[in-house]
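Residue numbers are given in this note's numbering: position 14 of the sequence shown equals residue 5, and the series is strictly consecutive. Beta carbons: idealized from backbone N, C-alpha and C, even for Gly.
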Amino acid sequence: MGCRKRAAKHQLLRVTAVEGVCVPDPRGALPGRGAHLHPEPACLDLAVRRRAFPRAFRLQGALDTERLRGFIEVRVSDSSP
Ligand SMILES: [Zn+2]
């Protein structure tokens, strides 16, 4: 999902939805439907714009992605030189 670029599954971040909130699940430990995206803000933006999360989780309405965004932004800044 997101930018739809191909990537190996280990390069992607698993995301699941808990009570209307998109939650990062880097260890794949949470139950329920998962979606995979690149752990990059641009990929998250695309996924949000395409309403890919409600579709992936088969939920109606908007999902809160702020927690997921925070997680991705920390990850990005951690990996920069
Ligand atoms: Zn992507």
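Exposed unless 16 or more other CB atoms sit within 10 angstroms - verdict on residue i
i: Ala53; result: exposed
i: His29; result: buried
i: Ala16; result: It should be pointed out that residue 16 corresponds to Asp in this sequence rather than to Ala. Flag for Asp16 reads buried.
i: Val65; result: exposed
i: Val12; result: exposed
Run of the beta strand (DSSP E) containing residue i, from where it starts to where it stops
i: Leu4; result: Leu4 to Val9
i: Pro17; result: No beta strand (DSSP E) holds Pro17; DSSP gives it neither H nor E.
i: Ala26; result: Gly25 to Leu28
Same chain, Cβ closer than 8 Å to residue i, five either side skipped, listed in chain order
i: Lys0; result: His27
i: Pro60; result: The amino acid occupying residue 60 in the given sequence is Arg; Pro does not appear at that position. Closer than 8 Å at Cβ, skipping near neighbours: Pro32 and Leu35.
Residue i - containing alpha helix (DSSP H), residue span
i: Ala43; result: Ala43 to Phe48
i: Leu54; result: Per DSSP, Leu54 belongs to no alpha helix (DSSP H) and is neither H nor E.
i: Ala33; result: Pro32 to Arg40
Contacts around residue i, its chain only, beta-carbon distance under 7 Å, and the 5 residues preceding and following it disregarded
i: Ala47; result: Met(-8), Arg24 and Ala26
i: Pro22; result: none
Residues that DSSP places opposite residue i in a beta bridge
i: Val12; result: Val9 and Asp55
Contacting residues, own chain, Cβ-Cβ under 6 Å from residue i (five flanking each side not counted)
i: Thr56; result: Cys13 and Val39
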